[in-house]
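All residue numbers for the sequence shown refer to the numbering used here, where the first residue is 988 and numbers rise by one.
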Amino acid sequence: MQTTQAEIKTNPLKTKEDVEQALKQICNPLKSSYSDGFARLQLGNSGVAYSDSIAGMEGFSRILWGLVPLLAGDAKEYDIWDFHLQGIKNGTNPAHEEYWGRINDYDQRIVEMAVFGLALLLIPDKIWEPLNEQERANLSGWLRQINHVKAHDCNWLFFPVLVNIGLKFVGEPYDEELVERNLQRIDEFYLGNGWYADGIDGHCDYYGPFAIHYYSLIYAKYMEKEDPIRAVTYKNRAEVFAKDFIHWFASDGSALPYGRSLTYRFAQAAFWSACVFGNIEPFSLGVMKGLILRNLRWWFNKPIFNESNRLTVGYVYPNLVMAENYNSPGSPYWALKTFLPLALDEEHPFWQVQEEEYPKDVEPKSIQRLPHLALYKDVTNRHLLAFNTGHISTNEHTHTSAKYEKFVYSNVFGFSVPRAEWGLAQGAFDCMLALSEGDNLYRVKRKSEEIRVEEDYLYMKWKPWHDVEVKTWLVPGNPWHVRIHRIETNRELDAADGGFALGLNDDELTKIQEQEQAFVRNQLGASGVKTLYGNGRAELIFPNANTNLINPRTVIPTIKTKVHQGVTLLASAVYGEKTFSDSFHLMPKITFANEQIIIQFSKKEVKIGDSPPAL
């Protein structure tokens, strides 16, 4: 019997029928994992912050993000729905042993309730009409608990909104005031130019596109008559956002690995699905169709399923090291949000139009000041680099520094997270400056004191200790970029400035390692660093396995430097390329003149006028 991975790899994903089949190829292996009462899916044994019973309910609900659109479209039947309908009856029945229970403040079940609101909107004939009077009372009563508990002050505020408009749609009592209050609060997260932060002072990450915008467009579609001004606002914001967000995708279908919750994988493309479903066209339907389908194909050709044909926690491969505390075995199925266009009939123009390639007129450079990023693509649009100042605030999510504070993020090299706290191999400090007091315990940037995104460079000031100040200037480019660090310290430090983490395979690794430079290349790409200023020594660091999101084994070219008390200036050139080319020889140069730093690339010159005096 073919595995899901083998089947889905050969799925061409051309027609609506192909996409329906892909969803079933993902869901069919789950049929044996439902609980006796069908109200839970037990998909693994790894732990999570909440109880196993809630994790089972989460797995059950997340399948609905794909199943509901499937049943709303042309595919009116799918036998797995029988499991879910029975599970809904039992899960919302207080007298049943698999009752989903009373929810509490900040409960994970608040998240999982949202898709039931979507189901009431899209398939009331499947989820509401088959229920008897008591079963309807059980379902609506269980859902209305969401109106009496506290939700986190971020994208979570949209979950009660979806539940309540779903209840409204089937004629049940709902909390109109709560809906209005939550939507007003979410408006306070709006930064402009289409961008939302995930809460006040929160990060700009995928929770903007696959959460806030996604839910906004569903709201706009179903509440257009009752709330026309807000519906238009949401659509306009999404259209503006799309012009920036397209830069997060490469021509091969991959997207930028950045931020938390990356185990949701192809939810990266869910924003485009919501645009199609919500009847907006920031780009042509053919372009959006290509963005969605190429992303799905890219993912389906990666080892994201286990031997039981189930999605795993991880990114390109199963990996609990990078996971958040809220990632249960069922969590990755939030990726099914991308299947929302299945709710559209086969005759819909989206399914009839030809898929288009990645637009050639999308500029290779995009300065995005609200998320603090500058995005650069190579000439093929296949290698995407996002240069990053980091943020003024931080949070307690897992690996926040690695997921939000690295100097640059790449769709080819991914990024690495620490395995443990001892040394450079366990720390896996790619694309960041790590500092130690000589005890082999390293600190990195967790937040910045100052940040600035200019047209040709990025600037940040950060303090790893109270008496150590680092000013960093990034001069972007692809495949070469330059980093400059001014370190003012009252203590002796060891510094390690890491380049891109190159994946290791069974091919021979070509190395160039000298005092001031280190370069490596193989069939997976090429990575290197060179000292431009300072007394740094180049080394190759081989991090612990499973630290990188894309490749289980990697090597990181790194500049190591002794930093003495006082002020030290360091500068390095960093190279990363998907396919080794002559660009390797076009190494940038640095000069200092009149309290300016001048960076010379092969085709441009960048002057930084706010450099420290007395260089």
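The beta-carbon is built from N, C-alpha and C at its ideal position, and this holds for glycine as well. All values derive from a computational prediction rather than experimental measurement.
Here DSSP, grouped into helix, strand and coil, assigns Val-1263 to helix. Excluding five sequence positions before and after Lys-1222, the CB atoms of its chain that fall closer than 6 Å to its own CB belong to Ala-1207 and Ile-1267, given in chain order. Around the C-beta of His-1468, 16 or more other C-beta atoms lie within 10 Å, and the residue is accordingly described as buried. Nearest to Tyr-1302 by alpha-carbon distance, out of Met-1275, Gln-1255, Pro-1336 and Ile-1279, is Gln-1255. In terms of CA proximity to Met-1044, Val-1098 leads the group Pro-1016, Phe-1529, Val-1098 and Glu-1007. In this chain, the beta strand (DSSP E) harbouring Gln-1583 covers 1583-1587. DSSP places Asp-1005 in the uninterrupted alpha helix (DSSP H) bounded by 1003-1014. The way I'd put it, the segment 1409-1417 doesn't touch the segment 1468-1480; fewer than three beta-carbon pairs between them come closer than 8 Å. Beyond the five residues adjoining it in sequence on each side, Pro-1351 comes within less than 6 Å, by CB distance, of Lys-1364 in the same chain, given in chain order. Around the C-beta of Thr-1325, 16 or more other C-beta atoms lie within 10 Å, and the residue is accordingly described as buried. The beta carbons of Thr-1381 and His-1359 sit no closer together than 7 Å.
Between the segment 1337-1348 and the segment 1068-1080, the count of C-beta pairs closer than 8 Å stays below three; the two stretches do not touch. Under a 10 Å Cβ-count criterion, Gly-1521 is classified as buried, with 16 or more other Cβ atoms of the shown protein chains found around its own Cβ. Looking at Val-1227, Ala-1229, Phe-1228 and Leu-1204, the one whose alpha-carbon comes closest to that of Arg-1217 is Leu-1204. Less than 7 Å divides the Cβ of Leu-1149 from the Cβ of Gly-1104. One thing to note: Phe-1567 has its Cβ no nearer than 7 Å to the Cβ of Arg-1473.
Under the three-state reduction of DSSP output, His-1135 falls in the helix class. When C-beta atoms of the segment 1437-1447 are compared with those of the segment 1367-1376, three or more pairs fall below 8 Å, so the two segments count as touching.
At the C-beta level, Ala-1042 and Ser-1315 come within 7 Å of one another.
Residue pairing by DSSP places Ile-1205 opposite no residue, since no beta bridge is assigned to it.
The continuous beta strand (DSSP E) containing Ala-1421 extends over residues 1420-1423. Asp-1484 is bridged by DSSP to Leu-1420 and Ile-1546.
With a cut-off of 8 Å on Cβ pairs, the segment 1174-1183 is not in contact with the segment 1326-1345, counting fewer than three such pairs.
In this structure Ala-1558 is in contact with Ile-1471, their Cβ atoms being roughly 5 Å apart against a cut-off of 8 Å. In the displayed model, Tyr-1520 falls within a strand according to three-state DSSP.
In the DSSP assignment, the residues bridged to Arg-1470 are Leu-1461 and Ser-1559.
With a cutoff of 7 Å on beta-carbon distance, Phe-1146 and Ala-1101 are scored as near each other.
Of the other Cβ atoms in all chains shown, 16 or more fall within 10 Å of the Cβ of Tyr-1201; this residue is therefore buried. DSSP places Pro-1269 outside both helix and strand once states are collapsed to three, so it counts as coil.
DSSP, reduced to helix, strand and coil, places Arg-1439 within a strand of the structure shown.
Going by DSSP, Asn-1375 is part of the beta strand (DSSP E) stretching over 1371-1375. The shortest CA-to-CA distance from Tyr-1086 to any of Ile-1075, Ile-995, Phe-1197 and Leu-1028 is the one to Ile-1075. Within 10 angstroms of the beta-carbon of Ala-1407 lie fewer than 16 other beta-carbons, which makes it exposed.
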